[in-house]
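Visitor: Numbering (full-length UniProt numbering) for the sequence shown: 1 to 239. Quick one: structure below, then a few questions.
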Amino acid sequence: MSWIPFKIGQPKKQIVPKTVERDFEREYGKLQQLEEQTRRLQKDMKKSTDADLALSKSAVKISLDLLSNPLCEQDQDFLNMVTALDTAMKRMDAFNQEKVNQIQKTVIEPLKKFGSVFPSLNMAVKRREQALQDYRRLQAKVEKYEEKEKTGPVLAKLHQAREELRPVRDDFEAKNKQLLEEMPRFYNSRLDYFQPSFEALIRAQAFPISPHAYTHEDTGISWSVSPALQPNSRGWVLL
1 MSWIPFKIGQ
11 PKKQIVPKTV
21 ERDFEREYGK
31 LQQLEEQTRR
41 LQKDMKKSTD
51 ADLALSKSAV
61 KISLDLLSNP
71 LCEQDQDFLN
81 MVTALDTAMK
91 RMDAFNQEKV
101 NQIQKTVIEP
111 LKKFGSVFPS
121 LNMAVKRREQ
131 ALQDYRRLQA
141 KVEKYEEKEK
151 TGPVLAKLHQ
161 AREELRPVRD
171 DFEAKNKQLL
181 EEMPRFYNSR
191 LDYFQPSFEA
201 LIRAQAFPIS
211 PHAYTHEDTG
221 ISWSVSPALQ
231 PNSRGWVLL
């Protein structure tokens, strides 16, 4: 049986409703899962494109090795066949390289951009947690003076504690409200953001050298996760 010690400095008053905490944990949990899925998808796409390139390069090497085979000097028909194979393998390698370039531009790079939001989001959640701890600490301090006998010095300290509490409470409530609004908005934006990438992936597989290569920008979708997410030199930052 585990023993949970009494938490010193914790207020008796429930400063954040349990429903609000549950909503926050649910929304943040969804974003943590999305972050992991985005990271895994980016990694898998990189593996896939690397494997595609390695396969076509290997095929070209095989055709070159066959061309250097002595049989090509002895048998004209064999030479013609291997030459045709070499031409086909080089063409396939060029097609494959173009396909990989399209996937890099329309899928992998948008994945990186989307993933760059999460560090700022996680930092905003940490700032919210720190604000909550400060709020709890000062609320407990106020409650301590409220329970004491109302003497002059105690009332003065109570007034001071309440003055200290007010901006801290306002800061937490602002951070909490912003995140509760922005997290669902960002999560729901994923479909509109990734749909062009998935369509581009299908087109790249079907038409790797199309002169009308489909790009992420072709859709006309302007991705704006939220007013609080603003670009800076490192990508996107949650203010």
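Beta carbons are placed, not taken as given, at the ideal position from N, Cα and C, and that holds for glycine.
#1: According to the Cβ coordinates, are E27 and M183 closer than 7 Å?
#2: In angstroms, rounded to a whole number, what distance separates the CA positions of R136 and I15?
#3: Ignore the nearest five residues each way along the sequence and tell me which others in K30's own chain have a CB closer than 6 Å to its CB.
#4: Taking its Cβ as the centre, do 16 or more other Cβ atoms sit within 10 Å of F198, making it buried, or is it exposed?
#5: Buried or exposed, going by whether 16 or more other CB atoms sit within 10 Å of the CB of S210?
#6: Between which residues of its own chain and R127 is the CB-CB distance below 7 Å, once the five residues before and five after are set aside?
#7: Report yes if the CB atom of L201 is closer than 7 Å to the CB atom of V100, and no otherwise.
#8: Among D52, M45, M89, which residue has its Cα nearest to the Cα of D65?
#9: When DSSP labels each residue in this structure, what does S189 get in the three-state scheme?
#10: Which first and last residues belong to the alpha helix (DSSP H) in which I62 is found?
#11: From K112 to R185, what distance separates their C-alpha atoms?
#12: DSSP state of T151, grouped into three classes?
#13: Spatial neighbours of E46 within its chain, please: CB distance less than 8 Å, with the 5 preceding and 5 following residues excluded, ordered by chain position.
#14: Tell me whether the beta-carbon of C72 lies closer than 7 Å to the beta-carbon of V82.
#15: Taking 7 Å as the limit between beta carbons, can you name the residues of its chain near K12, skipping five residues before and five after?
#16: Determine the extent of the alpha helix (DSSP H) in which D93 is found, giving its start and end residues.
#17: Alpha carbon to alpha carbon, what distance is there between Q33 and Y145?
#18: Indicate the three-state DSSP secondary structure (helix, strand or coil) for H216 in the structure shown.
#19: Please look up how many angstroms separate the CB atoms of A161 and K141, rounded, as I've assumed it's under 8 Å.
#20: Among the candidates E36, K18, Q97, whose CA atom is the shortest distance from the CA of G115?
#21: Tell me which residues share the same chain as D170 and place their Cβ nearer than 7 Å to its Cβ, disregarding the 5 neighbours each side in the sequence.
#22: Could you tell me the distance, in whole angstroms, from the CA atom of A167 to the CA atom of L180?
#23: Kindly indicate which residue of P110, A51, R40 has the alpha-carbon position closest to the one of D192.
#24: Determine the contact status of T49 and I103, defining contact as a CB-CB distance below 7 Å.
Guide: Answer, in terms of the structure:
#1: yes
#2: 7 Å
#3: Y187
#4: exposed
#5: Because S210 sits at a pLDDT of 46, beneath the cut-off of 50, its placement in the model cannot be relied upon, and the point is left open.
#6: K175
#7: no
#8: M89
#9: coil
#10: 18 to 67
#11: 19 Å
#12: coil
#13: Looking at the sequence itself, residue 46 is Lys, so the reference to Glu does not match. Counting only Cβ-Cβ distances below 8 Å, and skipping sequence neighbours, we find I108.
#14: yes
#15: E143
#16: 76 to 103
#17: 43 Å
#18: Per-residue confidence for H216 stands at a pLDDT of 44, beneath the threshold of 50, marking its modelled position as unreliable; the derived number appears in the next sentence. In the structure shown, H216 sits in a helix (DSSP, three-state: H, G or I).
#19: 5 Å
#20: E36
#21: none
#22: Going by the sequence as given, residue 167 is Pro instead of Ala. Computed Cα separation, rounded: 20 Å.
#23: P110
#24: yes
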